Amino acid sequence: MTKARWLAERRSDPWHRKAKEEGYPSRAAYKLIHIQQKYRVIRRGDLVVDLGSWPGGMLSVESQTVGPEGLVVAVDLREPAFKAENVVFLQMDVNDAEAPFAILSALGNRRCDVLISDVSPRFTGVRDVDVFNQLMLGIRALEISDVVLRRGGNLVIKFFECEELPRIERRLRGSFRFLKRVITPPTLRKNSSELFLVGIGKLAERVSDGLAELVR
Ligand SMILES: C[S@@+](CC[C@H](N)C(=O)[O-])C[C@H]1O[C@@H](n2cnc3c(N)ncnc32)[C@H](O)[C@@H]1O
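Using the numbering used here, read the sequence shown as starting at 57 and increasing by one per residue.
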């Protein structure tokens, strides 16, 4: 897609317009609001980790929801536009081997209650490549959750529908009290294959073992 077409599409997108009117940095805010209304994944006072946080639509929802007693650790290659007293930003690549430990340290060496990953790769336009890159970033988010997410915690991770995903869901199902797929209203309009896996109540200490091998 050319930049001009992307800009034109964005201008005509009602979710983008609504985000501008309501002061959210991006339409992604409404994806998390939808998930939050359905499953109440975040509570007041929670410690939240947000992977892929720029420009900050979801981050602003997380910051408002946890309130001043909570904390959000945001990670991205780019610094989000959204700033707040209860947000700490780490400018880093989630694939960096040190990332889980840097996040844990930013959490004050406490494990978080919720991990949200909306990380997306730079799209190549070749569908199979983009879907695979998204899958690997989702698995990376699960690896990070092994270090930073407490037992009983919740996670929300973006994937694209693909043939490998059911294998990952089968493996994850026993590691959470329940696991659901959620397609959010802004995604429906775009006719995209994006979905979020929502895991409520982490049961196992580690959830990512063997997942990368499943998709290679
Ligand atoms: C769809 S945007 C996130 C939107 C954001 N969650 C919001 O609510 O506004 C995807 C983000 O993933 C980030 N990203 C992509 N690869 C990354 C990586 N390897 N490490 C950290 N961030 C990455 C991009 O910089 C981009 O900001």
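In this text, a Cβ means the ideal position worked out from N, Cα and C, and glycines have one as well.
Every value quoted in this text rests on a predicted model; they were computed, and no experiment measured them.
Item, Value
"Less than 8 Å between the beta carbons of L198 and L251, yes or no?", "no"
"Residues in its own chain within less than 8 Å of M192 by CB, not counting five upstream and five downstream?", "A268 and V271"
"Taking C-beta to C-beta, are I195 and S264 nearer than 8 Å?", "yes"
"Excluding five sequence neighbours on each side, which residues of the same chain lie with their C-beta closer than 7 Å to the C-beta of E217?", "S249 and L251"
"Looking at the strands, I want to know which residues DSSP matches up with R178.", "R178 is not bridged to any residue."
"In the DSSP assignment, find the unbroken alpha helix (DSSP H) run with A60 in it and report its ends.", "K59 to R67"
"Among F232, N189, V144 and L221, which has the Cα closest to the Cα of N210?", "F232"
"Which whole-angstrom value describes the C-beta separation of L259 and V204, a residue pair presumed to lie in contact below a C-beta threshold of 8 Å?", "The Cβ separation is near 16 Å, so there is no contact."
"Compute the Euclidean distance between the alpha carbons of R166 and T180, then round it to the nearest angstrom.", "37 Å"
"Quick one: is A85 buried, meaning 16 or more other Cβ sit within 10 Å of its Cβ, or exposed?", "buried"
"Helix, strand or coil for E250, going by three-state DSSP, please let me know.", "strand"
"Would you kindly work out how many angstroms separate the C-alpha atoms of E65 and R83, rounded to a whole number?", "13 Å"
"May I have the straight-line CA-CA distance separating K94 from L63, to the nearest angstrom?", "31 Å"
"From which residue to which residue does the beta strand (DSSP E) around N165 run?", "Element bounds for N165: n/a, residue is neither H nor E."
"Say yes only if the C-beta of L134 is nearer than 7 Å to one or more non-hydrogen atoms of ligand 1, and no if none qualify.", "Per the sequence presented here, residue 134 reads as Arg, with Leu not at that position. Because some heavy atom of ligand 1 lies under 7 Å away, the Cβ of R134 counts as near it: yes."
"Expressed to the nearest angstrom, what Euclidean distance is found between the alpha-carbon atoms of L107 and R223?", "23 Å"
"Determine the direct distance from the alpha carbon of E135 to that of E78, and round the result to whole angstroms.", "21 Å"
"Using a Cβ-Cβ cut-off of 6 Å (strictly less than) and excluding sequence neighbours within five positions of G255, which residues of its own chain qualify?", "L211, F232 and L235"
"Out of D69, E125 and A75, state which residue places its alpha-carbon closest to the alpha-carbon of M114.", "A75"
"Going by DSSP in three states, I239 sits in which element: helix, strand or coil?", "coil"
"Quick one: what's got a C-beta closer than 6 Å to D169's C-beta in the same chain, skipping five residues either side?", "D102, L103 and G209"
"Grab me the residues of M148's own chain with a C-beta within less than 7 Å of its C-beta, minus the 5 sequence neighbours each way, in chain order.", "V131, A155 and A158"
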